[in-house]
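J.: Residue numbers (the numbering used here): 432 to 523.
Glycine included, each C-beta is placed from N, C-alpha and C at the ideal position.
Here the structure is a predicted model, which is why all the values come from computation and not from measurement.
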């Protein structure tokens, strides 16, 4: 008989859970995004309109209460960029 290691057993258990899941969310580092041609956190807010106001990434991430248009505009653009970009090989 074949003896499975703990690691192999855990992989089988994880695979079973994944196969039964309704949703699978993978969180990756910025490298995957950059390899697909998307801006990384350091560059994502480098937009002329934000620069004119002296805003940086952390500034445009949190103004939901004070400037909802800025917040939704920023995250809407991020969403559109991610939806329209062809993923790099690592995502397949």
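As a quick exercise: from 455, 501, 508 and 497, pick the residue whose alpha carbon is nearest that of residue 491.
T.: Comparing Cα-Cα distances from residue 491 to each of 455, 501, 508 and 497, the minimum goes to 501.
J.: Residue 457 lies in the alpha helix (DSSP H); which residues open and close that run?
T.: Premise fails: residue 457 is in no alpha helix (DSSP H) and is neither H nor E.
J.: Would the segment 462-476 count as touching the segment 504-522 if we require 3 or more Cβ pairs under 8 Å?
T.: Verdict: yes, contact present.
J.: Here's the rule I'm using: 16 or more other beta-carbon atoms within 10 Å means buried, otherwise exposed. How should residue 505 be labelled?
T.: The residue is buried, with at least 16 neighbouring Cβ atoms inside 10 Å.
J.: Does residue 452 pass the burial test, meaning 16 or more other C-beta atoms within 10 Å, or should it be called exposed?
T.: The residue in question, residue 452, is exposed, as its Cβ has fewer than 16 Cβ neighbours within 10 Å.
J.: In whole angstroms, give me the CA-to-CA distance for residue 493 and residue 473.
T.: In a straight line, the C-alpha of residue 493 is about 16 Å away from that of residue 473.
J.: In whole angstroms, give me the CA-to-CA distance for residue 462 and residue 521.
T.: So the two alpha carbons sit approximately 10 Å from each other.
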